[in-house]
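Novice:
2 protein chains.
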Amino acid sequence: MKYTIKDIARLAGVSTATVSKVINRKDHEITETTRKKVMSIVRQYNYVPNRIASSMVTKKTHTIGLIIPDISNPFFPELARGVEDYASKLGYAVFLCNTDNDAQKEQTYLEKLQEKMVDGIILTASSHRRTNSKDLKESNIPIVALDREIDSFKSGGTVISDNLSGAYEAVSYLLSRGMKKILYLAGPINSKPSKDRLQGYINALEDHNHQVKQEMILDGSFTLDWGYSGTLKAIDQGLEFDSIFCGNDMIAFGAIQAIKLKGLRVPQDISVIGFDDIAMAGIIDPPLTTVKQPNYQMGYESSKILIGIIEKHPPENRELVLNTKLIIRDSVI
Amino acid sequence: MKYTIKDIARLAGVSTATVSKVINRKDHEITETTRKKVMSIVRQYNYVPNRIASSMVTKKTHTIGLIIPDISNPFFPELARGVEDYASKLGYAVFLCNTDNDAQKEQTYLEKLQEKMVDGIILTASSHRRTNSKDLKESNIPIVALDREIDSFKSGGTVISDNLSGAYEAVSYLLSRGMKKILYLAGPINSKPSKDRLQGYINALEDHNHQVKQEMILDGSFTLDWGYSGTLKAIDQGLEFDSIFCGNDMIAFGAIQAIKLKGLRVPQDISVIGFDDIAMAGIIDPPLTTVKQPNYQMGYESSKILIGIIEKHPPENRELVLNTKLIIRDSVI
DNA sequence: AGTGACGGCTTAAACGTTTAATTAACATCA
DNA sequence: TGATGTTAATTAAACGTTTAAGCCGTCACT
Numbered sequence: 043m044k045y046t047i048k049d050i051a052r053l054a055g056v057s058t059a060t061v062s063k064v065i066n067r068k069d070h071e072i073t074e075t076t077r078k079k080v081m082s083i084v085r086q087y088n089y090v091p092n093r094i095a096s097s098m099v100t101k102k103t104h105t106i107g108l109i110i111p112d113i114s115n116p117f118f119p120e121l122a123r124g125v126e127d128y129a130s131k132l133g134y135a136v137f138l139c140n141t142d143n144d145a146q147k148e149q150t151y152l153e154k155l156q157e158k159m160v161d162g163i164i165l166t167a168s169s170h171r172r173t174n175s176k177d178l179k180e181s182n183i184p185i186v187a188l189d190r191e192i193d194s195f196k197s198g199g200t201v202i203s204d205n206l207s208g209a210y211e212a213v214s215y216l217l218s219r220g221m222k223k224i225l226y227l228a229g230p231i232n233s234k235p236s237k238d239r240l241q242g243y244i245n246a247l248e249d250h251n252h253q254v255k256q257e258m259i260l261d262g263s264f265t266l267d268w269g270y271s272g273t274l275k276a277i278d279q280g281l282e283f284d285s286i287f288c289g290n291d292m293i294a295f296g297a298i299q300a301i302k303l304k305g306l307r308v309p310q311d312i313s314v315i316g317f318d319d320i321a322m323a324g325i326i327d328p329p330l331t332t333v334k335q336p337n338y339q340m341g342y343e344s345s346k347i348l349i350g351i352i353e354k355h356p357p358e359n360r361e362l363v364l365n366t367k368l369i370i371r372d373s374v375i
Numbered sequence: 043m044k045y046t047i048k049d050i051a052r053l054a055g056v057s058t059a060t061v062s063k064v065i066n067r068k069d070h071e072i073t074e075t076t077r078k079k080v081m082s083i084v085r086q087y088n089y090v091p092n093r094i095a096s097s098m099v100t101k102k103t104h105t106i107g108l109i110i111p112d113i114s115n116p117f118f119p120e121l122a123r124g125v126e127d128y129a130s131k132l133g134y135a136v137f138l139c140n141t142d143n144d145a146q147k148e149q150t151y152l153e154k155l156q157e158k159m160v161d162g163i164i165l166t167a168s169s170h171r172r173t174n175s176k177d178l179k180e181s182n183i184p185i186v187a188l189d190r191e192i193d194s195f196k197s198g199g200t201v202i203s204d205n206l207s208g209a210y211e212a213v214s215y216l217l218s219r220g221m222k223k224i225l226y227l228a229g230p231i232n233s234k235p236s237k238d239r240l241q242g243y244i245n246a247l248e249d250h251n252h253q254v255k256q257e258m259i260l261d262g263s264f265t266l267d268w269g270y271s272g273t274l275k276a277i278d279q280g281l282e283f284d285s286i287f288c289g290n291d292m293i294a295f296g297a298i299q300a301i302k303l304k305g306l307r308v309p310q311d312i313s314v315i316g317f318d319d320i321a322m323a324g325i326i327d328p329p330l331t332t333v334k335q336p337n338y339q340m341g342y343e344s345s346k347i348l349i350g351i352i353e354k355h356p357p358e359n360r361e362l363v364l365n366t367k368l369i370i371r372d373s374v375i
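The listed protein sequences derive, respectively, from chains E and V.
Okay, so the first sequence: first residue is 43 according to this note's numbering, each after it adds one.
Okay, so the second sequence: first residue is 43 according to this note's numbering, each after it adds one.
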């Protein structure tokens, strides 16, 4: 048997309005006596309020949507955790949506979330996002972009890490260690983070009076397989390089495997540097020198901004560019 | 401006009932003419139905809750992905909840999810779950237990992997490779999977006429740190062992680090075998021999069972014990 | 005593849908 | 012609809350 507020009201001998007020802690105009009476009935019958019905009238669902490419990609769990931690702290629940970077799926989720009346959305946009989502900016639901900016419309906020300066720092470090020929094994070239990292690579090289060579820039995907095959291809083609700047850690893992396969050593023969600092970066052999992105914090901050907007006290700064940090381990000589 | 079904009805010159039927594909008693008229208005005004309102009358939210200890623990993303994939295929959205193995948080989420009227819950119970949750079995919301059985009440279904036989196979394999002294670095001893794996360890030893020694069984937590410190302690205490059976892969990673630190080699000096086969298992050096749990499948199947129950066609078998598989790589000699 | 203010409670409308019951229009057929 | 059936639409109640507005009794003050 499921009890409603009416049942409780009847059993406690008061009106539903009164019950509503006590369970929502709008106590101030309620006698202690009636409050206790109501609460005891509530407990006795194990009444659980139907928040769906509340939402109907309050227009708030206390729910947000989190749209990411793939939770089983090691880059995203920390992000998601950050989002959920802040959200649940403020009483919000989080819908998890995986798009696999598919613009179509992304669109479907966006619609579904709107139908479910979420109060806001945190979106790591697919690389292929089209500019046609007029429906999105029309619906007045706040959206904050996470990890990847959205250029197709004005979002309520953006949280990214400083990919450009992170890459700049990584490449500068390689240069400072005496590297002369740095291969850049990039992720998908159409993704914004990739582009920024490429720019960082170029800037660092130029600032240190090194020539940028087109053939030293190879783009693929953010996967171990690409790191592996890309490295193999580079070696087999006779490309000369003393170090690899990898678009992310997964690529670096693949690169290290390929280098080992060729009977070469990391870092003695080839240095490798990654990007992200996912959990495994410190565990592989050799421990990976990499650029740490503050994933948990990025998730947390985006949640904070979004809920700030929802609750009408948006933070003054809604365009966060969080600092990366070079983590020096043993994969660079 | 947000349009409701009433607006659309008015604009299309029909009743709300008619609009409702066309958007829910209850077309069969609707003229093609009116259907088209309605649809054109729907598109023109970009109408998005309020599913919260629907839920009020249908008593279905098409939403499920997923309660796990921690999405940033590498064991869970694949599970979560499996759950979400099947759910979204069937039109359900998934709430993500992290408990950190805290019975209190778990309870809070359980209540919150009930209030949000989820149609069902998938629960990886905290190790410390108390038996007092009468409210849970009273609420008629279906729950399926994932990865860890729930003994405090009868759940709607259970999906686990065969921890006992997985451990048995791992230890038998070690024995077959000539190991004589197998250290068991267990996870938390109060967790069901840990207990089952311990039993598998014991059974394998006994079946092969080896003595089970209490000092060779060390329990801690499912973390890299424990694998590291446990191994160091074992070595420093002068415990003699030629191999380690680890409660999970994280423990194994820690063990390998400790072994290397001591100047010993894996697998030449000490063999290591893990459990789970998380994504990184094949990437570390040496690639880890381990027992694969079908995480994605576990998530997928639990979602299938839950939604089956929700939609009144529960699968005949709701107690799944999925097979593990020994993945042989290079960490055992 | 009459007036006003206030505290504590109730009434009832509203939120945006779905759906059972009903009606209206027409076709069919004896 | 009128009874009957069929089809395509409408009407209106219901889902479980919240909350503005109203009501009633009590108290303080003139």
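Ideal placement from N, C-alpha and C gives every residue a C-beta, glycine not left out.
For clarity, every value in this text was computed on a predicted model and none was experimentally measured.
Taking 9 Å as the CB-CB limit, is Ser345/E close to chain V?
Specialist: Here residue 345/E corresponds to residue number 303 of the first sequence, with the count starting at 1. Not closer than 9 Å to any Cβ of chain V, the Cβ of Ser345/E fails to qualify, so no.
Novice: Between the C-alpha atoms of Leu266/E and Lys154/E, what's the straight-line distance to the nearest angstrom?
Specialist: As a first step, residue 266/E must be located in the first sequence, where it is residue number 224. As a first step, residue 154/E must be located in the first sequence, where it is residue number 112. Distance between the alpha carbons of Leu266/E and Lys154/E is about 32 Å.
Novice: Any heavy atom of the ligand FMN closer than 8 Å to the beta-carbon of Ser57/E?
Specialist: Ligands displayed in this structure: none; no statement on the ligand FMN is therefore possible.
Novice: Might you give, ordered along the chain, the residues of its own chain that have their beta carbon closer than 7 Å to the beta carbon of Thr58/E, omitting 5 neighbours on each side?
Specialist: Residue 58/E sits at position 16 when you count from the first residue of the first sequence. Once the five neighbours on either side are set aside, the close Cβ partners of Thr58/E are Ile47, Lys48, Ala51.
Novice: By DSSP, does Val61/E sit in helix, in strand, or in coil?
Specialist: By 1-based counting over the first sequence, the position of residue 61/E is 19. When secondary structure is reduced to three states using DSSP, Val61/E falls in the helix class.
Novice: If the cut-off is 8 Å on Cβ atoms, which residues from the stretch 84-101 of chain E count as contacting chain V, listed in chain order?
Specialist: Of all residues in the stretch 84-101 of chain E, Asn88, Val90, Pro91, Asn92, Arg93, Ile94, Ala95, Ser97, Met98 have a Cβ within less than 8 Å of some Cβ in chain V.
Novice: Tell me, to the nearest whole angstrom, how far the beta carbon of Tyr151/V is from that of Thr141/V; I am working on the premise that it is less than 8 Å.
Specialist: Indexing the second sequence from 1 puts residue 151/V at position 109. Indexing the second sequence from 1 puts residue 141/V at position 99. Confirmed, Cβ separation roughly 6 Å.
Novice: Helix, strand or coil for Leu348/E, going by three-state DSSP, please let me know.
Specialist: Residue mapping note: residue 348/E aligns to position 306 of the first sequence, counting from 1. Correct three-state label for Leu348/E: helix.
Novice: Among Arg219/E, Leu217/E, Ile183/E, Glu358/E, whose alpha-carbon lies nearest the alpha-carbon of Lys102/E?
Specialist: Numbered from its first residue, the first sequence carries residue 102/E at position 60. Measuring from the Cα of Lys102/E, the nearest candidate turns out to be Ile183/E.
Novice: Among Lys234/E, Pro116/E, Tyr89/E, which residue has its Cα nearest to the Cα of Leu188/E?
Specialist: For the purposes of this step, residue 188/E is taken as the residue at position 146 of the first sequence. Considering only alpha carbons, the answer is Lys234/E.
Novice: Which term fits Leu306/E, buried or exposed, when burial requires 16 or more other beta carbons within 10 angstroms of its beta carbon?
Specialist: What you label residue 306/E is simply residue 264 of the first sequence in a count that begins at 1. Under this definition Leu306/E is an exposed residue.
Novice: Run through DSSP, which three-state label would Ser114/V get?
Specialist: Position 72 of the second sequence holds residue 114/V. Residue state, collapsed to three classes: coil.
Novice: Which residues does DSSP pair with Ser203/V in a beta bridge?
Specialist: Taking the second sequence and counting its residues from 1, one reaches residue 203/V at position 161. Beta-bridge pairing links Ser203/V to Leu364/V.
Novice: Counting pairs of Cβ atoms below 8 Å between the stretch 87-101 of chain V and the stretch 91-102 of chain E, do you hit three or more?
Specialist: yes
Novice: Our contact map puts Ile369/V next to Thr331/V with C-beta atoms below 8 Å; I'd like the distance itself, whole angstroms only.
Specialist: In the second sequence, residue 369/V corresponds to position 327, counting from 1. In the second sequence, residue 331/V corresponds to position 289, counting from 1. Contact between Ile369/V and Thr331/V holds: their C-beta atoms lie close to 7 Å from each other, under 8 Å.
Novice: Identify the contact partners of Asp327/V in chain E, using a Cβ-Cβ distance below 7 Å as the criterion.
Specialist: Here the question's residue 327/V lines up with position 285 in the second sequence. The contacting residues are Ile326, Asp327.
Novice: Run through DSSP, which three-state label would Leu274/E get?
Specialist: If you number the first sequence from 1, residue 274/E lands on position 232. Note: Leu274/E maps to helix in three-state DSSP.
Novice: What three-state label does DSSP hand Ser373/V in the structure shown?
Specialist: Mapped onto the second sequence, residue 373/V falls at position 331. Coil.
Novice: Using a Cβ-Cβ cut-off of less than 7 Å, give me the residues of the stretch 118-152 of chain E that come near chain V, in sequence order.
Specialist: Of all residues in the stretch 118-152 of chain E, Pro119, Glu120, Ala122, Arg123, Glu126, Ala135, Val136, Phe137, Leu138, Asn140 have a Cβ within less than 7 Å of some Cβ in chain V.
Novice: Quick check on Ile163/E: does DSSP put it in helix, strand or coil?
Specialist: If you number the first sequence from 1, residue 163/E lands on position 121. Correct three-state label for Ile163/E: strand.
Novice: Hey, could you find the ends of the alpha helix (DSSP H) Ala135/E is sitting in?
Specialist: Here the question's residue 135/E lines up with position 93 in the first sequence. For Ala135/E, no alpha helix (DSSP H) run applies; the uninterrupted beta strand (DSSP E) run containing it begins and ends at 135-140, by DSSP.
Novice: When you compare each of Tyr89/E, Pro329/E, Met43/E, Leu53/E to Ile65/E by their alpha carbons, which one comes out closest?
Specialist: By one-based count along the first sequence, residue 65/E stands at place 23. The shortest Cα separation from Ile65/E among Tyr89/E, Pro329/E, Met43/E, Leu53/E belongs to Tyr89/E.
Novice: Along the stretch 268-296 of chain V, what residues have a CB closer than 8 Å to any CB found in chain E?
Specialist: Phe295
Novice: Ala300/V CB to nearest chain E CB: under 9 Å?
Specialist: Here residue 300/V refers to the residue found at position 258 of the second sequence. With 9 Å as the cut-off, Ala300/V does not count as an interface residue toward chain E.
Novice: Only counting the same chain, and skipping five residues up and downstream in sequence, which positions put a Cβ closer than 6 Å to that of Arg360/E?
Specialist: As a first step, residue 360/E is located in the first sequence; it is residue number 318 there, counting from the start. The residues are Gly199, Ile347.
Novice: As an exercise, report each continuous alpha helix (DSSP H) stretch of at least 4 residues that is fully enclosed by the stretch 191-253 of chain E, in chain order.
Specialist: 205-218, 234-249
Novice: Excluding sequence positions up to five away, which residues of its chain have a Cβ less than 8 Å from the Cβ of Val56/V?
Specialist: Here residue 56/V refers to the residue found at position 14 of the second sequence. Excluding positions up to five away in sequence, the list reads Thr76, Lys79, Val80.
Novice: Show which residues of chain V have a CB atom less than 8 Å away from the CB atom of Glu157/E.
Specialist: Taking the first sequence and counting its residues from 1, one reaches residue 157/E at position 115. Chain V residues near Glu157/E: Val90, Pro91, Asn92, Arg93.
Novice: Can you tell me whether DSSP reads Ser130/V as helix, strand or coil?
Specialist: The residue given as residue 130/V occupies position 88 in the second sequence. Three-state result, Ser130/V: helix.
Novice: Could you give the C-beta distance for Ile259/E and Tyr226/E, rounded to a whole number, given that I count them as a contact under 8 Å?
Specialist: Locating residue 259/E in the first sequence gives position 217, counting from the first residue. Locating residue 226/E in the first sequence gives position 184, counting from the first residue. The pair is a contact, with the Cβ atoms about 5 Å apart (cut-off 8 Å).
Novice: With which residues is Leu108/V paired in a DSSP beta bridge?
Specialist: For this step, residue 108/V is matched to residue 66 along the second sequence. Leu108/V is bridged to Leu138/V, Ile164/V.
Novice: Compare the beta carbon distance of Ala54/V and Ser114/E with 9 Å and say whether it is the shorter of the two.
Specialist: Residue mapping note: residue 54/V aligns to position 12 of the second sequence, counting from 1. Residue mapping note: residue 114/E aligns to position 72 of the first sequence, counting from 1. Not a contact, by the Cβ cut-off of 9 Å.
Novice: Quick one: grab the DSSP three-state call for Phe295/V.
Specialist: In the second sequence, counting from the first residue as 1, residue 295/V sits at position 253. DSSP places Phe295/V in helix when its eight states are reduced to three.
Novice: Hey, Ile164/E and Ile231/E: beta-carbon distance below 9 Å or not?
Specialist: In the first sequence, counting from the first residue as 1, residue 164/E sits at position 122. In the first sequence, counting from the first residue as 1, residue 231/E sits at position 189. Contact: no.
Novice: Comparing alpha-carbon positions, which option in Gln256/E, Thr366/E, Ser285/E lies nearest Arg219/E?
Specialist: Residue mapping note: residue 219/E aligns to position 177 of the first sequence, counting from 1. Of the candidates Gln256/E, Thr366/E, Ser285/E, the one whose C-alpha sits nearest the C-alpha of Arg219/E is Ser285/E.
Novice: In chain V, what lies closer than 7 Å to Pro309/E by C-beta?
Specialist: For the purposes of this step, residue 309/E is taken as residue 267 along the first sequence, with counting starting at 1. Per Cβ cutoff of 7 Å: no residues; Pro309/E is ~14 Å from chain V at best.
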